[in-house]
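Undergrad: First the structure, then my questions, so here it is.
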Amino acid sequence: MKTLSKILLALLLGASLLQAAAFTKDAKYRTTKIHITSEKPVTTGSNTFVFTIKKDGKLIKDSVVSLKAFMPAMPGMPAMESKTTTKSLGNGVYEGTLNMAMSGTWQLYIYIAPKTGKKSRVKTTINF
Ligand SMILES: [Cu+2]
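Under the numbering used here, the residues of the sequence shown are numbered 404 to 531, in order.
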């Protein structure tokens, strides 16, 4: 029995290591498409998200990508906001950490400023 539970535990750990991101979401605005992932489930506090950004099917490299997450004021609670500028991981992939102080629905704005060409903003929500 002890051996069996050890085997089961090993299988579970192996499965969780192989598992894809705990959180994924796709957002788009016109021809800009963003695939958002987080290694860990989204939770109250600090969350690191990875954004893969494409425009017209091409990976968007060399852009400044910044984030704003906010929750409007609720009864008995002020509005909350977290902003950051992402770090480019190369090849159209950007990573940023937001502090989400409470559970619920957060509005997320992703601002993309390319070196040349038009800036764009993609809106989505994150719910946890
Ligand atoms: Cu709130």
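Using N, Cα and C, we set each Cβ at its ideal position, and we do this for glycine too. This structure is a prediction, so every number in the text was calculated from the model and none was measured.
Specify the secondary structure class of T519 as computed by DSSP and reduced to three states.
TA: Position 116 of the sequence shown, counted from the first residue, corresponds to residue 519. Looking at T519 - three-state DSSP - the assignment turns out to be coil, as it is neither helix nor strand.
Undergrad: One question on the structure: do I437 and V525 come within less than 7 Å of each other, judged by their Cβ atoms?
TA: Your numbering for residue 437 matches position 34 in the sequence shown. Your numbering for residue 525 matches position 122 in the sequence shown. Result yes, Cβ atoms of I437 and V525 sit closer than 7 Å.
Undergrad: Check whether the Cβ of M503 sits closer than 6 Å to any heavy atom of ligand 1, and report yes or no.
TA: By one-based count along the sequence shown, residue 503 stands at place 100. No; taking the cut-off as 6 Å, the Cβ of M503 has no heavy atom of ligand 1 nearer than that.
Undergrad: From this set, A476, P517, K521 and I456, which residue's C-alpha is nearest D465's C-alpha?
TA: Locating residue 465 in the sequence shown gives position 62, counting from the first residue. Comparing Cα-Cα distances from D465 to each of A476, P517, K521 and I456, the minimum goes to P517.
Undergrad: Compute the Euclidean distance between the alpha carbons of S449 and K405, then round it to the nearest angstrom.
TA: The sequence position of residue 449 within the sequence shown is 46, counting from 1. The sequence position of residue 405 within the sequence shown is 2, counting from 1. Taking the straight line joining both Cα atoms gives about 38 Å.
Undergrad: Assign T489 to one of two classes, buried (16 or more other C-beta atoms within 10 Å of its C-beta) or exposed (fewer than that).
TA: As a first step, residue 489 must be located in the sequence shown, where it is residue number 86. Buried.
Undergrad: Give the range of the beta strand (DSSP E) segment to which A472 is assigned.
TA: Here residue 472 refers to the residue found at position 69 of the sequence shown. Looking at the DSSP string, the run of the beta strand (DSSP E) that includes A472 is S466 to M474.
Undergrad: Would you tell me roughly how many angstroms separate the C-alpha atoms of S469 and Y512, rounded to the nearest one?
TA: Taking the sequence shown and counting its residues from 1, one reaches residue 469 at position 66. Taking the sequence shown and counting its residues from 1, one reaches residue 512 at position 109. Cα-Cα distance, rounded: 8 Å.
Undergrad: T440 to T446, Cα distance in whole Å?
TA: Indexing the sequence shown from 1 puts residue 440 at position 37. Indexing the sequence shown from 1 puts residue 446 at position 43. Approximately 13 Å, taken between the alpha carbons.
Undergrad: Give the range of the beta strand (DSSP E) segment to which I437 is assigned.
TA: The residue labelled residue 437 in the question sits at position 34 within the sequence shown. T435 to S441 is the extent of the beta strand (DSSP E) around I437.
Undergrad: Below 8 Å on the Cβ atoms is my guess for A424 versus T527; work out the distance and round it to an integer in Å.
TA: Here residue 424 is taken as the residue at index 21 of the sequence shown, counted from 1. Here residue 527 is taken as the residue at index 124 of the sequence shown, counted from 1. With 8 Å as the limit, A424 and T527 do not qualify as a contact, their Cβ atoms being about 16 Å apart.
Undergrad: Considering Cα atoms alone, identify which of E442, K457, P444 and V453 is closest to Y432.
TA: For the purposes of this step, residue 432 is identified with residue 29 of the sequence shown, where counting begins at 1. Answer by Cα proximity: K457.
Undergrad: Checking the sheet assignment: what are the DSSP bridge partners for N530?
TA: The residue labelled residue 530 in the question sits at position 127 within the sequence shown. Looking at the DSSP assignment, N530 forms a beta bridge with T508.
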